[in-house]
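Taking it in order: structure first as structure tokens, then the write-up.
Residue numbers (mature numbering (1 follows the signal peptide of the UniProt record, and there is no 0)): -19 to -1, 1 to 300.
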């Protein structure tokens, strides 16, 4: 596809980011944390803290001390600071912040309001925990699928808006990225986003690639095919793995069969190889079914009290 003149102009306005601001992969390990439970009930500070602390004490593994958030706004409010922030401060959890930008222009404004409020309220106790910031999550993918997403042009303008808003704050130099599927970045028009960001967030799920060989035995090929294409596209900019996992329960999708045994195989092949390569990794997920049942369910833990449950498969990396 050709670049539209509007997208090209926006990309030029933002400019190419100084490579010095782009953090190399350092082996960050964390999970993705939603803002609410399956019954739409908002998570509060105690809920986030409970999850963050559980992640730090997983049997068979260690170092899962980071959290990726999808929004800075507390669920059910206009622009209140998400209660994951004080929870992260209390538990010393590193943060990959997320700003939700789909669904109208008010979304990014409310996110920026909450982000700046967090900086003001919590100061360096908050900002020193931040390892990066993602403007949007799979917006290009959803837009192409006819769902609620955003265009590349709007995404680039949102990134510029965030950089302007953070100028002069403690997060002025925070590495800013965008999280999406690799095929979204391969789209010609969407490539205009890459010069505007410091790093690319790669979401890869062989389970969902139903038009290809996607059994757990094909998982390593499927995953790294997408990741390697993204790395090539990114040039000198680092690529973080921001979402991946294998479901423990749910429907078979082409050749991909959800069960604990296959989730264990996927963990060994993908999580363990990424850890060995010291690629920044945010797994999906610690617990997906709580106050409801997810289908498919990618959670390491099933529904119930994280303090009493055991993982549904081994998290040890076997050499």
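C-beta atoms are modelled at their ideal positions from N, C-alpha and C, and glycine is treated no differently.
Per DSSP, what are the beta-bridge partners of residue 181 in this structure? As a working note, residue 181 is residue 200 in the chain shown. BP columns for residue 181 point to 159 and 220.
Residues of its chain near residue 254, where Cβ-Cβ distance is below 8 Å and the 5 sequence neighbours each way are ignored: Within the chain shown, numbered from 1, the residue matching residue 254 stands at position 273. Taken in chain order, the residues that qualify are 201.
Quick one: is residue 116 buried, meaning 16 or more other Cβ sit within 10 Å of its Cβ, or exposed? Position 135 of the chain shown, counting from 1, holds the residue named residue 116. So residue 116 counts as buried.
Tell me, to the nearest whole angstrom, how far the beta carbon of residue 107 is from that of residue 99; I am working on the premise that it is less than 8 Å. On the chain shown, position 126 is the one that residue 107 refers to. On the chain shown, position 118 is the one that residue 99 refers to. Residue 107 to residue 99, Cβ: 6 Å. Contact.
When the Cβ atoms of the segment 48 to 55 are set against those of the segment 67 to 76, are three or more pairs found closer than 8 Å? yes
Check residue 279 in the structure and name its three-state DSSP category. Here residue 279 is taken as the residue at index 298 of the chain shown, counted from 1. Correct three-state label for residue 279: coil.
Every unbroken beta strand (DSSP E) within the segment 91 to 136, with a cutoff of 3 residues, ordered by chain: 111 to 118
Which one of 122, 173 and 85 has the shortest CA to CA distance from residue 184? Residue mapping note: residue 184 aligns to position 203 of the chain shown, counting from 1. Nearest of 122, 173 and 85 to residue 184, Cα basis: 122.
Residue 300 classed as buried or exposed, judged by whether at least 16 other C-beta atoms fall within 10 angstroms: Locating residue 300 in the chain shown gives position 319, where the first residue counts as 1. When all chains shown are included, residue 300 counts as exposed.
Per DSSP, residue 13 forms a beta bridge with which residues? In the chain shown, the residue the question calls residue 13 occupies position 32. 49, per the DSSP bridge assignment.
CA-CA distance, residue 311 and residue 126? Within the shown structure, residues of the chain are numbered from -19 to 300, placing residue 311 beyond reach of any answer.
With 16 as the cutoff for other CB atoms within 10 Å, does residue 129 come out buried or exposed? Here residue 129 refers to the residue found at position 148 of the chain shown. Exposed.
So, are the CB atoms of residue 231 and residue 219 less than 7 Å apart? Taking the chain shown and counting its residues from 1, one reaches residue 231 at position 250. Taking the chain shown and counting its residues from 1, one reaches residue 219 at position 238. No, the Cβ-Cβ distance between residue 231 and residue 219 is not below 7 Å.
Please list the segments of the alpha helix (DSSP H) lying wholly inside the segment 224 to 259, counting only runs of 4 or more residues, in order along the chain. 241 to 247 and 253 to 258
Thinking C-alpha only, which one of 136, 275 and 101 is nearest residue 308? Any answer about residue 308 is impossible in this case: the structure gives the chain only from -19 up to 300.
Going by Cα to Cα distance, which pick from 56, 172, 279 and 132 is closest to residue 85? Counting from one through the chain shown, the residue named residue 85 turns up at place 104. It is 132.
Bounding residues of the beta strand (DSSP E) (the contiguous stretch that carries residue 24): Taking the first residue of the chain shown as position 1, residue 24 is located at position 43. Note, residue 24: premise wrong, no beta strand (DSSP E); not H, not E.
Classify residue 250: buried if its beta carbon has 16 or more other beta carbons within 10 angstroms, exposed otherwise. The count along the chain shown starts at 1 and reaches residue 250 at position 269. The residue is buried, with at least 16 neighbouring Cβ atoms inside 10 Å.
According to DSSP, is residue 44 helix, strand or coil? On the chain shown, position 63 is the one that residue 44 refers to. It is coil, neither helix nor strand.
Leaving aside the five residues before and after residue 279 along the sequence, list all residues of the same chain whose C-beta is less than 6 Å from its C-beta, in chain order. In the chain shown, the residue the question calls residue 279 occupies position 298. The answer, listed in chain order, is 226, 228, 265, 266 and 269.
Whole-angstrom distance between residue 138 and residue 169, CA atom to CA atom: Sequence index remark: in the chain shown, residue 169 carries index 188 (1-based). Sequence index remark: in the chain shown, residue 138 carries index 157 (1-based). Roughly 18 Å separates the two Cα atoms.
Inter-residue spacing [alpha-carbon to alpha-carbon] between residue 143 and residue 242: For the purposes of this step, residue 143 is taken as the residue at position 162 of the chain shown. For the purposes of this step, residue 242 is taken as the residue at position 261 of the chain shown. So the alpha carbons of these two residues sit roughly 43 Å apart.
Could you please give me the residues that DSSP links to residue 79 through a beta bridge? In the chain shown, the residue the question calls residue 79 occupies position 98. Residue 79 is bridged to 115.
Straight-line CA distance for residue 52 to residue 192? Position 71 of the chain shown, counted from the first residue, corresponds to residue 52. Position 211 of the chain shown, counted from the first residue, corresponds to residue 192. Going from the Cα of residue 52 to the Cα of residue 192 covers about 31 Å.
In terms of alpha-carbon separation, which member of 284, 297, 263 and 259 lies closest to residue 335? As shown, the chain starts at -19 and ends at 300. That puts residue 335 outside it, with no answer to give.
For residue 262, which three-state DSSP category applies? Locating residue 262 in the chain shown gives position 281, counting from the first residue. The answer is strand: DSSP assigns residue 262 an E or B state.
To the nearest whole angstrom, what separates the beta carbons of residue 75 and residue 112, a pair I think is in contact under 8 Å? Walking along the chain shown from the start, residue 75 turns up at place 94. Walking along the chain shown from the start, residue 112 turns up at place 131. 5 Å between Cβ atoms; contact.
Shortest alpha-carbon distance to residue 190 belongs to which of 155, 95, 162 and 31? What you label residue 190 is simply residue 209 of the chain shown in a count that begins at 1. Considering only alpha carbons, the answer is 162.
Only counting the same chain, and skipping five residues up and downstream in sequence, which positions put a Cβ closer than 8 Å to that of residue 153? Here residue 153 corresponds to residue number 172 of the chain shown, with the count starting at 1. Contacts found: 147.
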